[in-house]
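My numbering applies: residue 7 is where the sequence shown begins, and numbers increase by one. Virtual Cβ for every residue (Gly too), placed ideally from N, Cα, C. The structure presented is a predicted model; accordingly, all values stated were derived computationally and were not measured. What follows is a short report on a single structure.
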Amino acid sequence: MALTPSQRAAIRHPVRWLRSTAPESPGEIPRRELSNYTLGLTGQNQLYNMAGGRFFHFCTNVLMIDSITVGKMTGAITVFDALNDPVAGALIDNHRFKDGRKLLPWIRLTSLPIALAAFLLFINWNFPSQALRVAYCVVVYVIWDVLYSFQDSALWGMTAAISPHSSQRARATQWADIGAMLGGLLPALLTPMLSGDGAFGINQQQWYFIFAAVMCLGGGTLTMASLGTTERVRSMPGEERSVWKNIGSLRYNYVLLLFLASEVLKHCSPNVNEMYIFQQMSYQVGGKAVPATLLITILGAATGLPGVAAKFFATKIAERAGGMKRVLIITCVAGIAVRTLQYFIGINTLPRFLLMYLVDVIYGLPSGINNIAMRTMISDSVEYVEWKTGERTEGITMAVRNLMSKLSGAIQKYIQGYCLRFLQFDAGLVKANRPQNAHFHKWIWPVFRLGPVVGLVLSLVPLLVLKYPDSLKQKVESEMAERRAMAEVEV
Numbered sequence: 007m008a009l010t011p012s013q014r015a016a017i018r019h020p021v022r023w024l025r026s027t028a029p030e031s032p033g034e035i036p037r038r039e040l041s042n043y044t045l046g047l048t049g050q051n052q053l054y055n056m057a058g059g060r061f062f063h064f065c066t067n068v069l070m071i072d073s074i075t076v077g078k079m080t081g082a083i084t085v086f087d088a089l090n091d092p093v094a095g096a097l098i099d100n101h102r103f104k105d106g107r108k109l110l111p112w113i114r115l116t117s118l119p120i121a122l123a124a125f126l127l128f129i130n131w132n133f134p135s136q137a138l139r140v141a142y143c144v145v146v147y148v149i150w151d152v153l154y155s156f157q158d159s160a161l162w163g164m165t166a167a168i169s170p171h172s173s174q175r176a177r178a179t180q181w182a183d184i185g186a187m188l189g190g191l192l193p194a195l196l197t198p199m200l201s202g203d204g205a206f207g208i209n210q211q212q213w214y215f216i217f218a219a220v221m222c223l224g225g226g227t228l229t230m231a232s233l234g235t236t237e238r239v240r241s242m243p244g245e246e247r248s249v250w251k252n253i254g255s256l257r258y259n260y261v262l263l264l265f266l267a268s269e270v271l272k273h274c275s276p277n278v279n280e281m282y283i284f285q286q287m288s289y290q291v292g293g294k295a296v297p298a299t300l301l302i303t304i305l306g307a308a309t310g311l312p313g314v315a316a317k318f319f320a321t322k323i324a325e326r327a328g329g330m331k332r333v334l335i336i337t338c339v340a341g342i343a344v345r346t347l348q349y350f351i352g353i354n355t356l357p358r359f360l361l362m363y364l365v366d367v368i369y370g371l372p373s374g375i376n377n378i379a380m381r382t383m384i385s386d387s388v389e390y391v392e393w394k395t396g397e398r399t400e401g402i403t404m405a406v407r408n409l410m411s412k413l414s415g416a417i418q419k420y421i422q423g424y425c426l427r428f429l430q431f432d433a434g435l436v437k438a439n440r441p442q443n444a445h446f447h448k449w450i451w452p453v454f455r456l457g458p459v460v461g462l463v464l465s466l467v468p469l470l471v472l473k474y475p476d477s478l479k480q481k482v483e484s485e486m487a488e489r490r491a492m493a494e495v496e497v
């Protein structure tokens, strides 16, 4: 198949191609904006994957807080902030800055404070009691999480405000998801260094400090690259609405509410982080003991390549699959099948361990574009709600998407804390480089692989109920274009 002129230009001069300010056709978003948006999401997710993904492990293994307390603490404050998210989103929808924008200024205001708060999460002040350590964690985490509510709602809200065309919103979401994926790559490199105390002559506390400085402070700064985008869709003139009326508009967004139900149900299952099963394991490779965490880092990158590649063709794959909703259903079914197969494969020997990760290639293809499918449909739902109510709701919609993630994470952390208690996990044994007890080794694999299958089965139900056909989407887009044209004439 012959390459298009744009594809040839991308191969010859990739940087120049990415930084082009001229749209290839009328209505298209310039690639310079899309690359700025991608960099911003890279920075944000680099920070989030550090703060949100590693904080639990930092508390149990560095601060030496018992797992039940950590589960309750992180779960409770995440629930608090999840409930605060709709308020943050409604405030964003109800406020216009002097230049008429409502999203980008929030990113400018919050990026650096979020970076500093996330960095402070990983400082061990050596408080003498567990109560003081917990109190410090709660205060700093709440500050970080509340600020993040405003930033995340505004940043992802741009997928709806960056263009009035659904095809371009899908394109922006695709680029944004690639940025989010890139933001998760560097934190993944932490696994070998944080697998035990004293890796490479540096203890866990020191590794956390180094990586928090790089990923939290650096990621927060990189997030500001997203300021190089444009809010093309502005709210049309209308009556002032209170915060609670903005929240009440959610009842019209059945797409979002069904996604919320699906995401929450998916996390209502037994689970443990992979660090707890692999951090003390090793395999013989060429006569040398290689930590399983190092192999995970290498294999995870290799087997994830098909999913990464799929992101670059997300819109075309979704079209072939029968739409974004079909992609989400396929992902759930594939996840159930793959996890069940991996359970029977096991990890007792190196060949089984390698085969288990090879099977992930199957799951990587649909899951690679899962977030793109979900976020594209959610950004389209903003247009649907405006069609129904006359009000744009990027803030509250993305805030509830954020609530979806945090509420799910809170449930997951609560369950994870109790799973670790059930498994009789002892962080002191990790520090002393001693193995966990027999009960732990008996049950860790079933909980790790089969536990999440329960949630995947439950999450399928709301997805099967969801209906937003292309015919309705086209009608909404067409009528909204007419309304905006009339509003401009009246002004």
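Q. Which class does Ala6 belong to by DSSP, given the choice of helix, strand or coil?
A. Given a span of 7 to 497 for the chain in the structure shown, any question on residue 6 remains unanswerable.
Q. How big is the Cα-Cα spacing for Glu39 and Phe431?
A. Answer to the nearest angstrom: the Cα atoms are 47 Å apart.
Q) Where Ser411 and Gly293 are concerned, what is the direct C-alpha to C-alpha distance, given to the nearest angstrom? A) In a straight line, the C-alpha of Ser411 is about 43 Å away from that of Gly293.
Q. Nearest-angstrom Cα distance between Thr48 and Gln422?
A. Just so you know, the alpha carbons of Thr48 and Gln422 end up roughly 27 Å apart.
Q: Check Val296 in the structure and name its three-state DSSP category.
A: Secondary structure of Val296 (DSSP, three-state): strand.
Q: Tell me where the beta strand (DSSP E) around Val291 begins and ends.
A: Per DSSP, Val291 belongs to the beta strand (DSSP E) from 288-291.
Q | Distance, Val291 Cα to Phe359 Cα | A | Distance between the alpha carbons of Phe359 and Val291: 12 Å.
Q: With DSSP as the reference, label His447 as helix, strand or coil.
A: Of the three classes helix, strand and coil, the one that applies to His447 here is helix, per DSSP.
Q: Consult DSSP for Asp386 and reduce its assignment to one of helix, strand or coil.
A: In this structure, Asp386 counts as helix in the three-state DSSP scheme.
Q) Looking at the structure shown, is Trp393 part of a helix, part of a strand, or coil, going by DSSP? A) Trp393 falls in the helix class under three-state DSSP.
Q. Expressed to the nearest angstrom, what Euclidean distance is found between the alpha-carbon atoms of Asn408 and Ser373?
A. Taking the straight line from one Cα to the other gives about 19 Å.
Q.
In whole angstroms, give me the CA-to-CA distance for Gly163 and Leu256.
A. The alpha-carbon atoms of Gly163 and Leu256 are separated by roughly 15 Å.
**Q.** Proximity below 8 Å, CB of Leu127 to CB of Val148
**A.** Taking the C-beta atoms as reference points, Val148 is found no nearer than 8 Å to Leu127.
Q. Can you find a CB in chain C that lies within less than 8 Å of the CB of His171?
A. In the structure shown, chain C cannot be found, because there is only a single protein chain.
Q: State yes or no: is the C-beta of Val296 nearer than 7 Å to some heavy atom of the ligand ZN?
A: As for the ligand ZN, it is missing from this structure, which has no ligand bound.
Q | Neighbourhood of Asp476 by C-beta, 8 Å cutoff - its chain only, sequence neighbours within 5 removed | A | Only Gly329 meet the Cβ criterion.
Q | Assigned secondary structure, Ile335 (DSSP; H/G/I helix, E/B strand, else coil) | A | Ile335 sits in a helix when the DSSP states are folded into three classes.
Q. Relative to the C-alpha of Glu483, which residue among Leu97, Asn67, Asp386, His445 is closest?
A. Closest option to Glu483, judged by alpha-carbon separation, among Leu97, Asn67, Asp386, His445: Asp386.
(Q) If the criterion is Cβ atoms closer than 8 Å, does the pair Asn252 and Asp99 meet it? (A) Yes; because the gap between Cβ atoms is below 8 Å, this pair is in contact.
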